[in-house]
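Written below as C-alpha cells is the structure these notes are about.
Residue numbers (the numbering used here): 720 to 858.
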C-alpha cells in the first residue's frame, strides 16, 4: 500500500511499499519495449527503487536484462534528484525500429555494464552518467 499525505505544492510525505510484475513499457527515445518487475518503497520525500529488473522482449533479445536500484527525491510533485545504479550482462538498447524516433542513429546495439555499475545521478537539469559500459554488439 502507498500513502501520500500533506498539502501541495511542497509539503508532501510519502509512505508505503509496492511490488509489480509483468509490467511493460516503451522507451520512447529508442522505440523499444521492455518488460519490468520489481519492488519499491516510499519514505518522506523519497521513492526507493529497491530492485527493478528490466528485460528485453524475446522477439528483440532473448535473455537481455538489466538490474537497477536507486532513489528518486521529490520536491512536492517534482523530481529534484535521481540516483540510480544499473548492472547488466547484456541488454538491447537500440534496434532498427529506433529509426522511427531518430532517422540518423539506429541499428542493433547490445550493451553490458563493465567492472563498475552504470550510474545515473544528480538533478534532472544536470544529470551525470558514469561507469563502465561494454558494447557487446553493434550493427
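The beta-carbon is built from N, C-alpha and C at its ideal position, and this holds for glycine as well.
Which of helix, strand or coil DSSP assigns to residue i
i           : result
residue 791 : strand
residue 758 : strand
residue 816 : helix
residue 857 : strand
residue 741 : strand
residue 747 : coil
residue 811 : strand
Residues near residue i by beta carbon distance below 8 angstroms, same chain, minus five either side
i           : result
residue 744 : 752, 753, 755
residue 798 : 791, 792, 843
residue 731 : 723, 724, 725, 764, 793, 795, 796
residue 855 : 809, 829, 830, 831
residue 819 : 750
residue 858 : 826, 827, 828
residue 815 : 825, 826, 827
Paired residues, beta bridge with residue i - DSSP
i           : result
residue 730 : 726
residue 806 : 786
residue 736 : 760
Limits of the unbroken beta strand (DSSP E) element including residue i
i           : result
residue 832 : 828-832
residue 824 : Where residue 824 is concerned, there is no enclosing beta strand (DSSP E), given that its DSSP letter is neither H nor E.
residue 849 : 847-849
residue 838 : 837-841
Same chain only: Cβ atoms within 6 angstroms of residue i, ignoring 5 sequence neighbours per side
i           : result
residue 776 : 752
residue 736 : 760
residue 780 : 811
residue 807 : 785, 831, 832
residue 849 : 838
residue 800 : 792, 842
Cβ-based neighbour list, residue i, same chain, cut-off 7 angstroms, excluding 5 preceding and 5 following
i           : result
residue 742 : 754, 755, 756
Task: Every unbroken beta strand (DSSP E) inside the segment 763-787 [3 residues or more] - done: For the segment 763-787, whole beta strand (DSSP E) runs of length 3 or above, ordered along the chain, are 765-775.
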